[in-house]
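Structure record follows, encoded as C-alpha coordinates.
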Amino acid sequence: MRLNKVWMVSSCVSIVPDDIDLYAAGWNNREEQTPADPHALFKIASISKLYLAAATTKLIASDRLTSNAKLSDLLPEVEGRIEHAKEITLEMMLQHRSGIKDWSREPEVEGETFDNYMSFMARVYDKNAEFKPNKNYSYSNSNYLLLAEIMDRTLGYSHQDYIQAEILDPLGLINTYKDYNASDTNRVMSGYLIGWDPDLKSWDFPLPGGNMVATAEDVSIFLRALIDGSLLSPEEQAIYTSVYTYEHTGWLPGYTSIARYHPDIDAVVVQFVSTSGKEIYWLELKRLYKRIVRIIEMNQ
(Lines of atoms letter the chains of each structure in order from A and count residues from 1; the text may use other names and numbers.)
(Lines give C-alpha, C1' and ligand atoms only; values in the text may rest on other atoms or scores of the structure.)
Protein backbone atom coordinates (compact mmCIF):
# COMPACT_ATOMS: atom_id res chain seq x y z
CA MET A 1 0.00 0.00 0.00
CA ARG A 2 1.38 3.40 -0.94
CA LEU A 3 0.27 6.25 1.28
CA ASN A 4 0.04 9.15 -1.11
CA LYS A 5 -1.37 11.92 0.98
CA VAL A 6 0.15 13.93 3.82
CA TRP A 7 -1.55 16.51 6.00
CA MET A 8 0.36 18.45 8.65
CA VAL A 9 -0.01 21.01 11.36
CA SER A 10 3.16 23.04 11.80
CA SER A 11 4.41 25.80 14.06
CA CYS A 12 1.16 27.04 15.57
CA VAL A 13 -1.07 25.44 12.96
CA SER A 14 -0.08 24.01 9.54
CA ILE A 15 -2.02 21.86 7.14
CA VAL A 16 -0.71 19.87 4.20
CA PRO A 17 -2.91 18.64 1.38
CA ASP A 18 -1.76 16.31 -1.44
CA ASP A 19 1.94 17.10 -1.25
CA ILE A 20 3.40 19.32 1.44
CA ASP A 21 1.88 22.71 2.06
CA LEU A 22 2.35 24.45 5.40
CA TYR A 23 0.33 26.90 7.44
CA ALA A 24 1.38 28.83 10.52
CA ALA A 25 -0.34 31.33 12.83
CA GLY A 26 0.73 33.39 15.80
CA TRP A 27 4.18 34.68 16.71
CA ASN A 28 7.57 33.11 16.19
CA ASN A 29 8.98 35.54 18.76
CA ARG A 30 6.37 37.48 20.71
CA GLU A 31 8.75 40.16 21.99
CA GLU A 32 9.79 41.09 18.46
CA GLN A 33 6.36 40.16 17.08
CA THR A 34 7.86 38.20 14.21
CA PRO A 35 5.21 36.01 12.54
CA ALA A 36 5.31 32.25 13.01
CA ASP A 37 7.21 30.56 10.18
CA PRO A 38 5.95 27.12 9.09
CA HIS A 39 9.53 26.28 8.05
CA ALA A 40 10.97 27.09 11.49
CA LEU A 41 12.87 24.50 13.47
CA PHE A 42 11.16 23.18 16.57
CA LYS A 43 12.23 21.21 19.62
CA ILE A 44 10.27 18.02 19.02
CA ALA A 45 10.91 16.58 22.51
CA SER A 46 9.67 12.99 22.91
CA ILE A 47 8.78 12.63 19.24
CA SER A 48 12.54 11.90 19.17
CA LYS A 49 11.71 8.46 20.60
CA LEU A 50 10.25 7.41 17.24
CA TYR A 51 13.70 7.82 15.69
CA LEU A 52 15.35 5.86 18.52
CA ALA A 53 12.79 3.07 18.15
CA ALA A 54 13.37 2.90 14.39
CA ALA A 55 17.15 2.81 14.89
CA THR A 56 16.89 0.05 17.49
CA THR A 57 14.66 -1.90 15.11
CA LYS A 58 17.34 -1.74 12.44
CA LEU A 59 19.97 -3.03 14.86
CA ILE A 60 17.70 -5.92 15.88
CA ALA A 61 17.02 -6.83 12.23
CA SER A 62 20.77 -6.84 11.50
CA ASP A 63 21.40 -9.15 14.51
CA ARG A 64 23.51 -6.58 16.32
CA LEU A 65 20.91 -6.59 19.09
CA THR A 66 18.22 -9.06 20.07
CA SER A 67 14.78 -8.10 21.34
CA ASN A 68 14.97 -10.59 24.22
CA ALA A 69 18.42 -9.48 25.43
CA LYS A 70 18.41 -8.73 29.16
CA LEU A 71 19.19 -5.30 30.57
CA SER A 72 21.71 -6.75 33.03
CA ASP A 73 23.67 -8.29 30.13
CA LEU A 74 23.52 -5.16 27.99
CA LEU A 75 24.48 -2.77 30.81
CA PRO A 76 26.06 -4.87 33.57
CA GLU A 77 26.58 -1.93 35.93
CA VAL A 78 22.82 -1.52 36.48
CA GLU A 79 22.42 -5.03 37.95
CA GLY A 80 21.57 -4.61 41.62
CA ARG A 81 20.77 -0.92 41.03
CA ILE A 82 17.67 -1.30 38.84
CA GLU A 83 15.13 -3.78 40.16
CA HIS A 84 14.45 -6.77 37.88
CA ALA A 85 17.39 -5.89 35.59
CA LYS A 86 17.93 -9.62 34.95
CA GLU A 87 14.36 -9.96 33.67
CA ILE A 88 13.86 -6.73 31.74
CA THR A 89 14.37 -7.19 28.00
CA LEU A 90 15.22 -4.77 25.24
CA GLU A 91 11.70 -5.21 23.85
CA MET A 92 10.13 -4.31 27.21
CA MET A 93 12.11 -1.07 27.29
CA LEU A 94 11.02 -0.22 23.76
CA GLN A 95 7.40 -0.84 24.75
CA HIS A 96 7.56 0.99 28.12
CA ARG A 97 6.75 -2.29 29.85
CA SER A 98 9.94 -2.53 31.93
CA GLY A 99 8.56 -1.06 35.15
CA ILE A 100 11.61 1.19 35.50
CA LYS A 101 10.78 4.50 37.15
CA ASP A 102 10.89 7.63 35.01
CA TRP A 103 14.07 9.53 35.91
CA SER A 104 12.41 12.85 34.97
CA ARG A 105 9.87 12.42 37.77
CA GLU A 106 12.45 11.69 40.47
CA PRO A 107 14.49 14.18 42.57
CA GLU A 108 17.81 15.42 41.21
CA VAL A 109 21.01 13.80 42.48
CA GLU A 110 24.53 15.12 42.76
CA GLY A 111 26.81 14.55 39.79
CA GLU A 112 24.29 14.78 36.96
CA THR A 113 25.84 16.02 33.74
CA PHE A 114 24.63 16.21 30.17
CA ASP A 115 28.08 14.97 29.10
CA ASN A 116 27.21 11.63 30.73
CA TYR A 117 23.50 11.04 30.25
CA MET A 118 23.63 7.76 32.18
CA SER A 119 24.33 9.90 35.27
CA PHE A 120 20.62 10.79 35.29
CA MET A 121 19.77 7.13 35.90
CA ALA A 122 21.13 7.57 39.43
CA ARG A 123 17.75 9.13 40.23
CA VAL A 124 16.08 5.72 39.95
CA TYR A 125 18.85 3.47 41.24
CA ASP A 126 18.03 1.37 44.31
CA LYS A 127 14.32 2.25 44.12
CA ASN A 128 11.41 -0.14 43.78
CA ALA A 129 10.11 -0.73 40.28
CA GLU A 130 6.68 0.54 39.26
CA PHE A 131 5.66 -3.07 38.51
CA LYS A 132 7.19 -6.40 37.55
CA PRO A 133 8.56 -6.58 34.00
CA ASN A 134 5.94 -6.93 31.27
CA LYS A 135 3.05 -6.88 33.76
CA ASN A 136 1.86 -3.38 32.90
CA TYR A 137 2.56 -0.26 30.85
CA SER A 138 4.05 2.97 32.17
CA TYR A 139 5.68 5.59 29.99
CA SER A 140 9.20 6.18 31.26
CA ASN A 141 11.96 8.35 29.79
CA SER A 142 14.42 6.03 31.54
CA ASN A 143 13.72 3.30 28.98
CA TYR A 144 14.93 5.38 26.04
CA LEU A 145 17.88 6.85 27.88
CA LEU A 146 19.03 3.27 28.56
CA LEU A 147 18.33 2.28 24.94
CA ALA A 148 20.54 5.12 23.72
CA GLU A 149 23.40 3.94 25.93
CA ILE A 150 22.91 0.36 24.72
CA MET A 151 23.06 1.52 21.10
CA ASP A 152 26.20 3.57 21.73
CA ARG A 153 27.99 0.55 23.21
CA THR A 154 26.74 -1.81 20.52
CA LEU A 155 27.79 0.49 17.70
CA GLY A 156 31.01 1.73 19.23
CA TYR A 157 29.98 5.26 18.32
CA SER A 158 27.09 7.65 18.93
CA HIS A 159 23.58 6.41 18.16
CA GLN A 160 22.93 9.92 16.85
CA ASP A 161 25.46 9.35 14.05
CA TYR A 162 23.72 6.05 13.28
CA ILE A 163 20.33 7.79 13.07
CA GLN A 164 21.88 10.36 10.75
CA ALA A 165 23.34 7.72 8.42
CA GLU A 166 20.51 5.18 8.47
CA ILE A 167 17.41 7.37 8.74
CA LEU A 168 17.94 11.07 8.10
CA ASP A 169 20.35 10.91 5.15
CA PRO A 170 18.41 8.25 3.17
CA LEU A 171 15.23 10.33 3.54
CA GLY A 172 16.98 13.59 2.68
CA LEU A 173 15.97 15.16 6.00
CA ILE A 174 18.33 18.13 6.03
CA ASN A 175 16.21 20.02 8.57
CA THR A 176 16.44 17.47 11.38
CA TYR A 177 19.18 17.75 14.01
CA LYS A 178 20.36 15.70 16.97
CA ASP A 179 19.90 18.63 19.37
CA TYR A 180 19.54 22.39 19.69
CA ASN A 181 23.27 23.15 19.56
CA ALA A 182 23.67 21.17 16.34
CA SER A 183 20.88 23.10 14.63
CA ASP A 184 20.77 26.45 12.90
CA THR A 185 19.71 28.16 16.13
CA ASN A 186 18.58 31.31 14.31
CA ARG A 187 15.81 29.22 12.74
CA VAL A 188 14.56 27.66 15.99
CA MET A 189 11.14 28.93 17.03
CA SER A 190 10.93 30.70 20.37
CA GLY A 191 9.23 28.80 23.18
CA TYR A 192 7.22 30.09 26.15
CA LEU A 193 6.05 28.58 29.41
CA ILE A 194 2.78 29.89 30.83
CA GLY A 195 3.54 31.95 33.92
CA TRP A 196 7.18 32.45 32.92
CA ASP A 197 8.08 35.44 30.73
CA PRO A 198 11.52 34.65 29.27
CA ASP A 199 11.91 33.00 25.88
CA LEU A 200 13.12 29.41 26.44
CA LYS A 201 14.55 28.97 22.97
CA SER A 202 18.18 28.86 24.10
CA TRP A 203 17.57 26.26 26.83
CA ASP A 204 19.11 23.02 25.58
CA PHE A 205 17.94 19.51 26.45
CA PRO A 206 20.51 17.09 25.01
CA LEU A 207 19.29 13.87 26.65
CA PRO A 208 18.27 10.99 24.34
CA GLY A 209 14.58 10.56 23.72
CA GLY A 210 13.83 14.27 23.90
CA ASN A 211 16.70 16.11 22.26
CA MET A 212 15.97 16.39 18.53
CA VAL A 213 15.13 19.53 16.57
CA ALA A 214 13.26 19.47 13.25
CA THR A 215 10.77 21.19 11.00
CA ALA A 216 7.18 19.98 10.83
CA GLU A 217 7.78 19.04 7.20
CA ASP A 218 10.74 16.80 8.09
CA VAL A 219 8.79 15.10 10.90
CA SER A 220 5.89 14.40 8.53
CA ILE A 221 8.23 12.94 5.87
CA PHE A 222 9.88 10.71 8.48
CA LEU A 223 6.57 9.49 9.90
CA ARG A 224 5.15 8.82 6.46
CA ALA A 225 8.27 6.84 5.50
CA LEU A 226 8.17 4.93 8.78
CA ILE A 227 4.60 3.84 8.01
CA ASP A 228 4.65 3.15 4.27
CA GLY A 229 7.71 0.90 4.06
CA SER A 230 10.07 3.32 2.36
CA LEU A 231 12.30 3.57 5.44
CA LEU A 232 12.23 0.03 6.85
CA SER A 233 12.64 -3.32 5.13
CA PRO A 234 9.76 -5.81 5.48
CA GLU A 235 11.64 -7.56 8.31
CA GLU A 236 12.34 -4.25 10.05
CA GLN A 237 8.73 -3.16 9.56
CA ALA A 238 7.46 -6.32 11.25
CA ILE A 239 9.79 -5.78 14.20
CA TYR A 240 8.91 -2.12 14.57
CA THR A 241 5.16 -2.81 14.42
CA SER A 242 5.55 -5.34 17.23
CA VAL A 243 7.44 -2.99 19.57
CA TYR A 244 6.31 0.61 19.09
CA THR A 245 3.63 2.96 17.83
CA TYR A 246 3.47 5.17 14.75
CA GLU A 247 2.69 8.32 16.72
CA HIS A 248 3.99 10.41 19.58
CA THR A 249 3.50 13.58 21.56
CA GLY A 250 6.25 15.85 22.82
CA TRP A 251 6.69 18.23 25.74
CA LEU A 252 9.56 20.45 26.79
CA PRO A 253 9.39 23.78 28.63
CA GLY A 254 8.06 26.12 25.94
CA TYR A 255 7.21 23.44 23.37
CA THR A 256 4.37 20.97 22.81
CA SER A 257 3.88 18.75 19.79
CA ILE A 258 1.82 15.92 18.32
CA ALA A 259 2.73 13.68 15.36
CA ARG A 260 0.16 11.07 14.40
CA TYR A 261 -1.09 9.01 11.46
CA HIS A 262 -4.84 8.72 10.80
CA PRO A 263 -5.46 5.64 8.62
CA ASP A 264 -9.15 6.39 8.09
CA ILE A 265 -8.23 9.51 6.14
CA ASP A 266 -4.72 8.37 5.13
CA ALA A 267 -3.26 11.48 6.74
CA VAL A 268 -0.21 12.37 8.77
CA VAL A 269 -0.89 15.31 11.07
CA VAL A 270 1.88 17.18 12.87
CA GLN A 271 1.08 19.99 15.29
CA PHE A 272 3.77 22.21 16.80
CA VAL A 273 2.87 24.79 19.44
CA SER A 274 5.50 27.10 20.92
CA THR A 275 3.90 27.26 24.37
CA SER A 276 3.61 24.80 27.23
CA GLY A 277 1.75 24.93 30.50
CA LYS A 278 -0.30 23.01 33.00
CA GLU A 279 -2.31 19.89 32.23
CA ILE A 280 -5.41 21.91 31.38
CA TYR A 281 -3.43 23.72 28.66
CA TRP A 282 -2.31 20.39 27.19
CA LEU A 283 -5.94 19.27 27.07
CA GLU A 284 -6.80 22.42 25.14
CA LEU A 285 -4.07 21.66 22.61
CA LYS A 286 -5.47 18.17 22.11
CA ARG A 287 -8.89 19.70 21.44
CA LEU A 288 -7.29 22.00 18.88
CA TYR A 289 -5.62 19.00 17.25
CA LYS A 290 -8.95 17.15 17.00
CA ARG A 291 -10.54 20.22 15.46
CA ILE A 292 -7.84 20.34 12.80
CA VAL A 293 -8.35 16.66 12.01
CA ARG A 294 -12.10 17.31 11.62
CA ILE A 295 -11.36 20.14 9.18
CA ILE A 296 -9.18 17.76 7.16
CA GLU A 297 -11.95 15.16 7.16
CA MET A 298 -14.51 17.68 5.91
CA ASN A 299 -12.18 18.70 3.06
CA GLN A 300 -11.41 15.17 1.87
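So in the working numbering, spot 154 of the sequence shown is number 157, and the numbers just go up one at a time. For glycine and all other residues, C-beta sits at the position ideal for the given N, C-alpha and C. Remember, it's a predicted structure, so these values are computed and weren't measured experimentally.
With distances taken between CA atoms, S143 lies nearest to W106 out of W106, F45, D129, T252. Ranked by how close their Cα comes to the Cα of N302, the residues W285, T278, A270 have A270 in first place. Non-local beta-carbon contacts of G114 in its own chain, meaning distances under 8 angstroms to residues more than five positions away in sequence, involve S122, A125 in chain order. The count of Cβ pairs closer than 8 angstroms, one atom from the region 185-199 and one from the region 227-242, stays below three, leaving the stretches out of contact. By the Cβ-count criterion, Q36 is exposed, with fewer than 16 other Cβ atoms from all chains shown falling within 10 Å of its own Cβ.
Judged by DSSP in its simplified three-state form, R263 adopts strand. In terms of Cα proximity to Q274, the closest of T259, I268, E287, Y284 is T259. Shortest Cα-Cα distance from R156 to any of L78, W30, K73 involves L78.
Linking A43 to M192 through their CA atoms gives a straight-line distance of about 6 angstroms. Around the beta carbon of Y120, a 10 Å sphere encloses 16 or more other beta carbons of the protein chains shown; the residue is thus reported as buried.
By the beta-carbon neighbour count (other beta carbons within 10 angstroms, threshold 16), S101 is buried. In the DSSP assignment, P38 forms a beta bridge with W30. Distance from the CA atom of K73 to the CA atom of D200, rounded to whole angstroms, is 45 angstroms. Nearest neighbour of V112 by Cα position, chosen from H99, Q98, I242, D129, turns out to be D129. Under the criterion of beta carbons closer than 8 angstroms, I47 and V222 qualify as touching, at roughly 6 angstroms. Boundaries of the beta strand (DSSP E) harbouring T252: 251-255, taken from the DSSP string. When only Cα atoms are considered, L286 and D182 end up about 27 angstroms apart.
In the displayed model, T116 falls within a strand according to three-state DSSP.
Per DSSP, the unbroken beta strand (DSSP E) holding Q274 starts and ends at 270-276.
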